[in-house]
Amino acid sequence: MNQSLVEILVKAKELNKWVPARLLVKYDIKNVNLLELEESYLILTKRSKSDGLLLKLTLKGYHYFNQQ
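Once you know that position 23 of the sequence shown is 4 in the working numbering, the rest is easy, because the numbers rise by one and skip nothing.
Structure representation (structure tokens):
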């Protein structure tokens, strides 16, 4: 996964915020298998009418990506 993408998701977790996936397109979010990360309990996804797909690291994901 792109290091900039990891940093954004880690910082969002620290601030307890959801990140719209549409803002992460320039960080190659389309090349990331979100379903695989969700099944591994590393990331949460939810749909919003206004923002579309939203992403947030789980606590397990935060520790996993914060060590890299």
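Yeah, the Cβ is synthetic: ideal placement off N, Cα and C, and Gly gets one too.
Are the beta-carbon atoms of residue i and residue j separated by less than 8 Å?
i	j	result
Lys(-2)	Leu23	no
Ala2	Leu34	yes
Leu25	Leu(-10)	no
Check each candidate in the options and name the one with the smallest Cα separation from residue i.
i	options	result
Lys11	Ser29, Asn(-17), Asp32	Asn(-17)
Glu32	Leu38, Leu18, His44, Leu4	It should be pointed out that residue 32 corresponds to Asp in this sequence rather than to Glu. Answer by Cα proximity: Leu4.
Lys27	Leu15, Glu19, Leu36, Tyr45	Leu36
Val0	Gln48, Phe46, Leu16, Ser29	Ser29
Ser(-15)	Lys7, Leu(-4), Tyr45	Lys7
Under three-state DSSP, which class holds residue i?
i	result
Lys41	helix
Leu4	helix
In its own chain, which residues sit with a C-beta less than 6 Å from the C-beta of residue i, not counting the 5 before and 5 after it?
i	result
Asp9	Asn(-17)
Spatial neighbours of residue i within its chain, please: CB distance less than 7 Å, with the 5 preceding and 5 following residues excluded, ordered by chain position.
i	result
Leu15	Ile24, Thr26
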